[in-house]
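Peer 1: I have a structure here, written as structure tokens, and I will follow up with some questions on it.
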Amino acid sequence: MTLENEHCNVVATLRKAGLSRTTQRMAVLKVMIQADGPLSVGEILKRTDLEQRINKVTVYRILSSFKENSIIRELPTDHGMSLYEMACLHNPVHPHFYCKTCRTMSCLPPLRLSQALDWFAGPSTFRIDDVHVHVNGVCRQCQERS
Ligand SMILES: [Zn+2]
Ligand SMILES: [Zn+2]
Ligand SMILES: [Zn+2]
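All you need for my numbering is the position in the sequence shown, starting with 1, plus 610.
Written out as structure tokens, the structure is:
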């Protein structure tokens with residue numbers, strides 16, 4: 611999880627990925643950059659400026675173009691609905707904790723650099739594009755409620 615509210619610049623990120631600056635892409639990217647944790651498509655839609663007149667299909671299309679360009683990473687959940695977070699250098703690959711009760715996903719601290727380097731510098735026969743480490747259970751809030 612990133613601590614600063616705006617670690618990446620919307621315009622620079624799109625330029626680096628070679629994506630044109632449509633107002634809808636910029637609105638979705640701004641939401642992703644300002645997010646304090648992984649977001650679902652529904653949450654992204656809710657946080658995107660209403661004036662953008664953006665719909666779910668558009669959000670999915672924009673997210674898939676961001677994913678193809680390694681701007682964001684997709685975090686699958688066990689109920690088939692993915693969550694999304696920035697894949698920038700401020701948010702290095704890290705494991706996630708998934709609460710089975712309230713279905714929220716939280717970011718865990720990044721893997722130790724030495725472990726991650728072992729994976730990425732591993733046999734050149736692999737090309738690793740994504741790493742998913744999931745830790746499932748019941749979060750503190752849900753434990754207190756039961
Ligand atoms: Zn960033
Ligand atoms: Zn919970
Ligand atoms: Zn995360």
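We put the beta carbon where it would ideally sit given N, CA and C, even for glycine. Source: prediction; values computed, not measured.
Going along the chain, which residues put their C-beta within less than 7 Å of some heavy atom in ligand 2?
Peer 2: CYS709, THR711, CYS712, THR714, VAL748, CYS749, GLN751 and CYS752
Peer 1: Give me the Cα-Cα distance between MET642 and THR714, rounded to the nearest whole angstrom.
Peer 2: 17 Å
Peer 1: Could you round the C-beta distance between ALA718 and LEU649 to whole angstroms and report it? I think they count as a contact, below 8 Å.
Peer 2: Here residue 718 turns out to be Leu, not Ala, going by the sequence shown. 17 Å between Cβ atoms; not a contact.
Peer 1: By Cβ distance below 8 Å, which residues in the same chain neighbour THR633 in space, the five residues on each side in sequence not counted?
Peer 2: GLN662
Peer 1: Output needed for ARG631: all residues of its chain with C-beta closer than 7 Å, excluding positions within five of it in sequence on either side, in chain order.
Peer 2: VAL621 and LEU624
Peer 1: Below 8 Å on the Cβ atoms is my guess for LEU685 versus GLU678; work out the distance and round it to an integer in Å.
Peer 2: Rounded, the Cβ-Cβ distance is 16 Å, inconsistent with contact.
Peer 1: With burial defined as no fewer than 16 other Cβ atoms inside 10 Å of the residue's Cβ, what is the status of THR658: buried or exposed?
Peer 2: buried
Peer 1: Note the first and the last residue of the continuous alpha helix (DSSP H) segment covering CYS752.
Peer 2: 750 to 755
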